[in-house]
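Peer 1: Take the sequence shown: its letter number 165 is residue 165 in UniProt numbering, and every next letter is one higher.
Glycine is no exception: its CB is placed at the ideal position from the N, C-alpha and C atoms.
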Amino acid sequence: MDVFRNRISQYASLRDDAWSKFDQIDFQTRAFQSGDDIIRVGETPAKIFIVKEGWAIRHRSLDDGRRQIVNFMLPGDVFDMQVIAGVKADHSVTAITRTVVATVAADQFMKVLRSDADVAAAFWWAAVQEESILREQIVRVGRRSAKERIAHLLLELQRRLRAAVGGVEDHLPMPLTRTDLADALGLTPVHVSRTMSALRRSGLIDESRGQVTILDRRRMESLSQFDTDYLHVRKLDFVARANLNGSSHSPLSNGAISSHTNQHRIPRNDN
């Protein structure tokens with residue numbers, strides 16, 4: 001599970017014995033083709049998923065077929081931890097490329113979380129990261145212009161992907177269609193195409209052979225008011241001490257999970 005290790009290592013240093021407990025999880029591997037549903041709205045998932053390779057979307061669709069993509073699931077991302085509560089899925093997760101996921105039953109997952117504070121904190125922080133990304137998605141769609149939305153999303157995807165799989169800093173594989181981008185950003189496919197062309201003409205990006213190259217990161221960040229703080233990719237000094245199993249011998253027995261995080265600035269757009 002190298003992609004998950006890489007992602008976790010961006011913000012936490014787990015002990016070797018903590019990773020050993022993680023390695024004891026009996027993960028099963030499944031592959032999905034583009035267009036396959038990994039989770040369907042209304043079903044009750046029984047497993048937790050970690051993306052090993054490929055891209056998927058978390059989305060909702062209206063009765064008339066209109067779709068809103070709320071987030072992209074990239075290598076190293078974890079979903080859906082609400083399985084622990086045994087609730088029905090209120091959204092779908094669908095592969096948009098060939099996607100390989102590792103799955104684990106909820107009861108085994110909880111057993112590992114109860115056994116080690118560091119592992120529990122790592123998964124908890126992964127959930128905190130996605131919550132922050134979803135908040136930024138609301139700001140992106142609700143207050144940014146079309147050009148700002150696209151620039152901001154490209155920067156986010158590139159930074160998230162690099163945290164899990166590495167790669168060249170300013171290059172981003174682009175399996176997303178214009179319709180995918182439109183459904184994520186509250187635009188039409190035509191508007192997306194025109195805006196991508198405008199970004200190219202401005203010398204901010206280039207597109208070639210399924211890849212976007214960020215040509216001027218500084219200007220892109222300035223244009224979209226992009227700040228990596230909301231991605232929480234810096235190294236954290238958090239201590240997880242929540243007593244999840246009540247054992248006096250557990251490393252989780254001395255208080256509550258705490259963390260030091262940056263305060264978020266919600267950017268304004270008066271246009």
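1. Thinking C-beta only, is Ile-150 closer than 8 Å to Val-93?
2. Out of Gln-137, Met-110, Ser-197, Ile-50, which one is the CA nearest neighbour of Phe-4?
3. Give the straight-line distance between the Cα atoms of Asp-63 and Asp-183, rounded to the nearest whole angstrom.
4. Helix, strand or coil: which one does DSSP assign to Lys-21?
5. Under the assumption that Lys-47 contacts Val-100 (Cβ atoms under 8 Å), give the Cβ distance between them as a whole number of angstroms.
6. Tell me which residue opens and which closes the alpha helix (DSSP H) that Val-165 is part of.
7. Residue 272 and Lys-88 look like a contact to me (Cβ under 8 Å); what is the Cβ gap, rounded to whole Å?
8. Please report how far the alpha carbon of Val-119 lies from the alpha carbon of Gln-24, in whole angstroms.
9. Starting from Gln-225, trace the alpha helix (DSSP H) in both directions and tell me its first and last residue.
10. Counting only runs that start and end within the segment 90-154, where is the alpha helix (DSSP H) found for 4 or more residues in a row?
11. Tell whether a beta-carbon distance below 8 Å holds between Ala-95 and Phe-27.
12. So, with DSSP's three-state summary, where would you put Ala-56?
13. Are three or more beta carbon pairs between the segment 191-202 and the segment 144-158 nearer than 8 Å?
14. For the beta strand (DSSP E) holding Ala-184, just list the boundary residues, first then last.
15. Which residues mark the beginning and the end of the beta strand (DSSP E) in which Ser-208 is found?
16. Considering only residues of the same chain and omitting the five flanking positions on each side of Ser-250, which have a CB-CB separation below 6 Å?
17. In terms of alpha-carbon separation, which member of Ile-57, Asp-77, Asp-180, Trp-19 lies closest to Ala-163?
18. Whose C-beta lies closer than 7 Å to the C-beta of Pro-189 among residues of the same chain, with five residues either side of it excluded?
19. DSSP state of His-191, grouped into three classes?
20. Using only the alpha-carbon positions, how far apart do Lys-21 and Ser-34 sit?
21. What does a CB cutoff of less than 8 Å around Gly-166 pick up in its chain, not counting 5 residues either side in sequence?
22. Using only alpha-carbon positions, find the residue among Arg-209, Ala-198, Val-139 that is nearest to Tyr-230.
23. Tell me the rounded alpha-carbon separation between Asp-107 and Leu-113.
24. According to DSSP, is Ala-46 helix, strand or coil?
25. Per DSSP, what kind of secondary structure is Arg-200 in: helix, strand or coil?
26. Between which two residues does the beta strand (DSSP E) holding Val-212 run?
27. At the level of alpha carbons, what is the spacing between Ala-240 and Thr-97?
28. Just list the residues that DSSP pairs residue 282 with in beta bridges.
29. Using DSSP's beta-bridge definition, name the partner residues of Leu-172.
Peer 2: Concretely, from the data shown:
1. The residue given as residue 93 occupies position 93 in the sequence shown. The residue given as residue 150 occupies position 150 in the sequence shown. For Val-93 and Ile-150, no; Cβs fall outside 8 Å.
2. Position 4 of the sequence shown holds residue 4. Comparing Cα-Cα distances from Phe-4 to each of Gln-137, Met-110, Ser-197, Ile-50, the minimum goes to Ile-50.
3. Within the sequence shown, the letter at position 63 stands for residue 63. Within the sequence shown, the letter at position 183 stands for residue 183. The straight-line gap from Cα to Cα measures roughly 15 Å.
4. As a position in the sequence shown, residue 21 is number 21, starting the count at 1. Note: Lys-21 maps to helix in three-state DSSP.
5. Along the sequence shown, one-based indexing puts residue 47 at 47. Along the sequence shown, one-based indexing puts residue 100 at 100. Actually they do not touch by this definition, with Cβ atoms about 14 Å apart.
6. The residue given as residue 165 occupies position 165 in the sequence shown. Boundaries of the alpha helix (DSSP H) harbouring Val-165: 146-165, taken from the DSSP string.
7. This structure gives no information on residue 272, because the portion of the chain shown stretches from 1 to 271.
8. Counting from 1 along the sequence shown, the entry for residue 119 is found at position 119. Counting from 1 along the sequence shown, the entry for residue 24 is found at position 24. When only Cα atoms are considered, Val-119 and Gln-24 end up about 12 Å apart.
9. For this step, residue 225 is matched to residue 225 along the sequence shown. Segment: none, Gln-225 is in no alpha helix (DSSP H) and carries neither H nor E.
10. 106-115, 117-143
11. Translated into positions along the sequence shown, residue 95 becomes position 95. Translated into positions along the sequence shown, residue 27 becomes position 27. No, the pair does not count as a contact, with Cβ atoms beyond the cut-off.
12. Position 56 of the sequence shown, counted from the start, is the residue given in the question as residue 56. Three-state result, Ala-56: strand.
13. yes
14. Within the sequence shown, numbered from 1, the residue matching residue 184 stands at position 184. Per DSSP, Ala-184 belongs to no beta strand (DSSP E); it is in the alpha helix (DSSP H), 178-185.
15. The count along the sequence shown starts at 1 and reaches residue 208 at position 208. Here the beta strand (DSSP E) through Ser-208 covers 205-208.
16. Indexing the sequence shown from 1 puts residue 250 at position 250. Note that Ser-250 scores 39 on pLDDT, short of 50, meaning its location in the model is unreliable and no value can be drawn from it.
17. Stepping through the sequence shown from its first residue, residue 163 is reached at position 163. The option with the nearest alpha carbon to Ala-163 is Asp-77.
18. The residue labelled residue 189 in the question sits at position 189 within the sequence shown. Correct list, in chain order: Arg-178, Thr-179, Ala-182.
19. Here residue 191 refers to the residue found at position 191 of the sequence shown. It is helical.
20. For the purposes of this step, residue 21 is taken as residue 21 along the sequence shown, with counting starting at 1. For the purposes of this step, residue 34 is taken as residue 34 along the sequence shown, with counting starting at 1. So the two alpha carbons sit approximately 33 Å from each other.
21. Stepping through the sequence shown from its first residue, residue 166 is reached at position 166. Asn-6.
22. As a first step, residue 230 must be located in the sequence shown, where it is residue number 230. Per the Cα distances, Val-139.
23. Position 107 of the sequence shown, counting from 1, holds the residue named residue 107. Position 113 of the sequence shown, counting from 1, holds the residue named residue 113. Near 10 Å, if we compare the C-alpha coordinates of Leu-113 and Asp-107.
24. Against the sequence shown, residue 46 aligns to sequence position 46. Coil at Ala-46, not helix or strand.
25. For the purposes of this step, residue 200 is taken as the residue at position 200 of the sequence shown. Of the three classes helix, strand and coil, the one that applies to Arg-200 here is helix, per DSSP.
26. Numbered from its first residue, the sequence shown carries residue 212 at position 212. Val-212 -> beta strand (DSSP E) spans 211-214.
27. As a first step, residue 240 must be located in the sequence shown, where it is residue number 240. As a first step, residue 97 must be located in the sequence shown, where it is residue number 97. Residue confidence is low: Ala-240 scores 40 on pLDDT, short of 50, so the model does not pin down where it sits. Its coordinate-derived value is still stated next. Rounded to whole angstroms, Ala-240 to Thr-97 spans 36 Å at the Cα level.
28. Because the chain in this structure spans residues 1 to 271, residue 282 falls outside the shown range and cannot be described.
29. Translated into the one-based positions of the sequence shown, residue 172 becomes position 172. Paired residue(s): Val-212.
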